[in-house]
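Notes to accompany the following structure.
In this note's numbering, the protein residues as written are 1 to 244.
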């Protein structure tokens, strides 16, 4: 039987989602907890991967078992096995051919910035005190919908067949000293959101024009785009499937 694990985590203490031999990862932590609980080797397949320090408000991974489980009981029990910075939200019984990564139709990320110093946001939001032109940054968001190839925002030397992504949502919102960038697409390239945000910060500083932003996307050169903002302000907030 195949199950989808729905969970959240604070990424501060982890070297990303994916298993690494000499570093703590979310995948390894969950694999150990599930394997201990079910007394069989579990190897989760995630909906994607997040980098070191990135957080997830909603993430999915699938695993297989030979028996059916009492979901409410096992959610509670599994949470008791896990550290405070990982929480199981739900467990979904799905069909054997459902896949956490390949079946996802939409993924949504947020990037959080605070513009005045906050002691409680050190690990969960990027402190950036310079004045930004949010109207210009939202105009730049509209330009993203005119393109499908985002190689300029991709980490170099990545093993992908295509740099094409369909962006479905992109906008900035300001509430006092809080800035949140929301972006949704069918897929994302490695480091893509952090590179987009860094480039848009340069637009907000009025160092890069909207015409130059268009040219950056069209040139497909990572060196022409802006800097990559720190990982700790980034959240995977939603993963969507046609059957959940």
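Glycine residues also receive a C-beta, built at the ideal position from the N, C-alpha and C atoms.
Only a predicted model underlies this, so the values are computations on that prediction, with no experimental measurement involved.
- In the three-state reduction of the DSSP assignment, residue 233 falls in the helix class.
- In terms of Cα proximity to residue 124, the closest of 240, 232, 237, 37 is 232.
- For residue 201, the enclosing alpha helix (DSSP H) starts and ends at 192-204.
- Per the coordinates, the alpha-carbon of residue 63 lies some 7 Å from the alpha-carbon of residue 45.
- In the DSSP secondary-structure assignment, residue 5 is bridged to 61, 91.
- Annotation for residue 211: the continuous alpha helix (DSSP H) segment containing it runs 210-219.
- Excluding its 5 nearest sequence neighbours in each direction, residue 96 has C-beta neighbours in its own chain below 7 Å: 2, listed in chain order.
- Put simply, of 50, 25, 73, 185 the residue whose alpha carbon is nearest the alpha carbon of residue 234 is 50.
- Counting C-beta pairs with one atom in each stretch, the region 108-116 and the region 154-161 have fewer than three that are closer than 8 Å, which means they do not touch.
- From the listed residues 99, 19, 154, 168, the smallest Cα separation to residue 143 is found for 168.
- Rounded to the nearest whole angstrom, the CA to CA distance from residue 216 to residue 93 is 44 Å.
- Scanning the region 8-86 for uninterrupted beta strand (DSSP E) segments of 3 residues or longer gives 55-64, listed from N- to C-terminal end.
- The distance from the Cβ of residue 236 to that of residue 10 is about 12 Å, inconsistent with a contact at the 8 Å cut-off.
- By the Cβ neighbour-count rule, residue 14 is buried, with 16 or more other Cβ atoms within 10 Å of its own.
- The beta carbon of residue 155 lies closer than 6 Å to those of 190, 191 in the same chain, with the five residues before and after it left out.
- Taking the Cα positions, residue 201 is about 8 Å away from residue 137.
- Within 10 angstroms of the beta-carbon of residue 70 lie fewer than 16 other beta-carbons, which makes it exposed.
- Of all alpha-carbon atoms in 198, 86, 53, 132, the one lying nearest the alpha-carbon of residue 176 is that of 132.
- Here residue 29 is buried: its Cβ has 16 or more other Cβ atoms, across all protein chains shown, within 10 Å.
- Nearest to residue 230 by alpha-carbon distance, out of 128, 145, 183, 134, is 128.
- Secondary structure at residue 181: strand, using DSSP grouped into helix, strand and coil.
- By DSSP's assignment, residue 113 forms a beta bridge with 126, 179.
- Residue range 134-144 is occupied by the alpha helix (DSSP H) that includes residue 135.
- In this model, residue 178 and residue 135 are separated by some 15 Å (Cα to Cα).
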